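Working notes for the structure below.
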Amino acid sequence: MDEISLNDLLKIKREETRKNALTKVPPGFYAHACELLMSIRKRIENEKSSSPKISMLVHEEKRVRNAFRKICDLRLRKILILAHERVVGGPGKHENLLDEEEKIVEAIANRIAKIRDRLLEGGHDIDKELVFAGAEDDEKEAVFAEGVGKRPPYPYEVVMALEDIPPFEGPERTYKVCKGDILSLPADIANLLQEKGAIRILFR
Numbered sequence: 082m083d084e085i086s087l088n089d090l091l092k093i094k095r096e097e098t099r100k101n102a103l104t105k106v107p108p109g110f111y112a113h114a115c116e117l118l119m120s121i122r123k124r125i126e127n128e129k130s131s132s133p134k135i136s137m138l139v140h141e142e143k144r145v146r147n148a149f150r151k152i153c154d155l156r157l158r159k160i161l162i163l164a165h166e167r168v169v170g171g172p173g174k175h176e177n178l179l180d181e182e183e184k185i186v187e188a189i190a191n192r193i194a195k196i197r198d199r200l201l202e203g204g205h206d207i208d209k210e211l212v213f214a215g216a217e218d219d220e221k222e223a224v225f226a227e228g229v230g231k232r233p234p235y236p237y238e239v240v241m242a243l244e245d246i247p248p249f250e251g252p253e254r255t256y257k258v259c260k261g262d263i264l265s266l267p268a269d270i271a272n273l274l275q276e277k278g279a280i281r282i283l284f285r
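At position 196 of the sequence shown the residue is numbered 277 (the numbering used here), and the sequence of numbers has no breaks.
Rendered as structure tokens:
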């Protein structure tokens, strides 16, 4: 599957909700779902604010974003179970585990094993660094980039500009926003600008 649609996501979400084990999803699923979401946001940005298509596209973006997030949450829950299974001597594998998910299972299993060892020694040295520390930042970025190609899309909000906003730097590009523009912004930036009355978040 080279592309994925909203209907595909809804079908996968239904199957993932219904089954206790991981369901079969196409290779590159996360990357294709990301690309779908980004393409809808690009279409929103390219439409004029007065276009009747805006409302439909914004609604579609919300449905895609919510379905994608739900699938991620459901699969991560099952991945955590596999990771623990691997620690206690089980296979910790599944035929529907994607390559990038296998790396997540391995990383989490290693961390759980280290925490268990500390607990067996009395638990005296357990702290946040032990619990949350994983691979070095560049290694974590490399694993994520290989599987998805970009950061998760869901910390973004679709907004409408209520006034002209001077150019500002975002995490991925420079934004130049004019009154009436509809675009997607990182959630923290969107919240800040909404507090200042510069934009309105269209959907939560």
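Cβ atoms here follow ideal geometry from the backbone N, Cα and C, with glycine treated the same way.
Quick caveat, the model's predicted, so the values are computed rather than measured.
Query	Result
Does DSSP put THR255 in a helix, a strand or coil?	strand
Could you check whether GLU126 and ILE263 sit closer than 8 Å to each other, using their CB atoms as the reference points?	yes
Return yes when the Cβ of PHE110 is within less than 8 Å of the Cβ of LEU179, no when it is not.	yes
Provide the residue(s) that pair with LEU266 in DSSP beta bridges, ordered along the chain.	GLU238
I need the DSSP call for GLU202, collapsed to helix, strand or coil.	coil
Smallest Cα separation from GLY261: which of GLU244, PHE249 and ARG254?	GLU244
How would you call CYS115, buried or exposed, if buried means at least 16 neighbouring beta carbons within 10 angstroms?	buried
Going by beta carbon distance, what residues of the same chain come within less than 7 Å of HIS175, once the five residues before and after it are set aside?	ALA102, LEU103 and LEU163
Determine which residues share a DSSP beta bridge with GLU126 and list them.	Per DSSP, none; premise fails for GLU126.
Mapping DSSP to helix, strand and coil, what is GLU250?	strand
What residue does the beta strand (DSSP E) around ILE85 start on, and which one ends it?	Per DSSP, ILE85 belongs to no beta strand (DSSP E) and is neither H nor E.
Looking at C-alpha atoms only, which residue of ILE185, VAL169 and GLU181 is the closest neighbour of ARG197?	VAL169
So, is LEU117 buried or exposed, given that buried needs 16 or more other C-beta atoms within 10 angstroms?	buried
Report yes if the C-beta distance between LYS100 and ALA148 is below 8 Å; otherwise report no.	no
Would ARG158 and VAL186 qualify as a contact pair, given that the criterion is a beta-carbon distance under 8 Å?	no
Could you pull out every residue in the same chain whose Cβ sits closer than 7 Å to the Cβ of ARG124, ignoring the five residues on either side in sequence?	LEU138
Going along the chain, which residues of its own chain have a beta-carbon closer than 8 Å to the beta-carbon of GLU128, five neighbours each way excluded?	LYS134, ILE135, LEU138 and ILE263
Going along the chain, which residues of its own chain have a beta-carbon closer than 8 Å to the beta-carbon of GLY251, five neighbours each way excluded?	LEU266, PRO267 and ILE270
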